[in-house]
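Q: First residue of the sequence shown: 1, per full-length UniProt numbering; consecutive thereafter. Cβ coordinates follow ideal geometry from the N, Cα and C atoms, glycine included. Next up is a structure, given as structure tokens.
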Amino acid sequence: LLTPLLPGGKESCMEDLFDSTVLSTVLDGKTFNKSNDTDTKTEYGKHVFSTKVIKANCKTISFEKFKVIFDGIEEIIADYSKRCKV
């Protein structure tokens, strides 16, 4: 299951499904960098993003753009159930 393509057909990642306001959250003067090459003096990475931004604010963050992922998982489960009846 892949994340949906970005405009222009570019590949995406899970973080692209969050609103720009979530992605632009500043923590201790640092900004989020979704690449695996972060400058720890000025940026924070995916682990901090997932725990200090997403987990800490999960009740107020919109997960609407994740529907396509959840729908895909449901389709995979349904297909598996049809193919692998025991």
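(1) Does the beta-carbon distance from Leu6 to Phe66 come in below 8 Å?
(2) Using the three-state DSSP reduction, which class does Thr38 fall into: helix, strand or coil?
(3) What first and last residue would you give for the alpha helix (DSSP H) that runs through Ser62?
(4) Among the residues of its own chain, which have a CB less than 6 Å from the CB of Thr38, if the five just before and after it don't count?
(5) Measuring alpha carbon to alpha carbon, tell me which of Phe63, Leu1 and Ser35 ends up nearest Thr21.
(6) I'd like the list of long-range same chain contacts for Met14, defined as Cβ closer than 7 Å, with 5 residues on each side in sequence excluded.
(7) Can you say whether Phe49 is buried or exposed, counting buried as having 16 or more other CB atoms within 10 angstroms of its CB?
(8) Tell me where the alpha helix (DSSP H) around Val68 begins and ends.
A: Put simply:
(1) Working through the sequence shown from its first residue, we reach residue 6 at position 6. Working through the sequence shown from its first residue, we reach residue 66 at position 66. Going by C-beta atoms, Leu6 is not nearer than 8 Å to Phe66.
(2) As a position in the sequence shown, residue 38 is number 38, starting the count at 1. Of the three classes helix, strand and coil, the one that applies to Thr38 here is coil, per DSSP.
(3) Sequence index remark: in the sequence shown, residue 62 carries index 62 (1-based). Where Ser62 is concerned, there is no enclosing alpha helix (DSSP H), given that its DSSP letter is neither H nor E.
(4) Here residue 38 refers to the residue found at position 38 of the sequence shown. Here the set comprises Gly45.
(5) Sequence index remark: in the sequence shown, residue 21 carries index 21 (1-based). When only C-alpha atoms are compared, the closest one is Phe63.
(6) Translated into positions along the sequence shown, residue 14 becomes position 14. So the qualifying residues of the chain are Thr3.
(7) Looking up residue 49 in the sequence shown gives position 49. Phe49 should be labelled buried.
(8) Taking the sequence shown and counting its residues from 1, one reaches residue 68 at position 68. Val68 -> alpha helix (DSSP H) spans Lys67 to Arg83.
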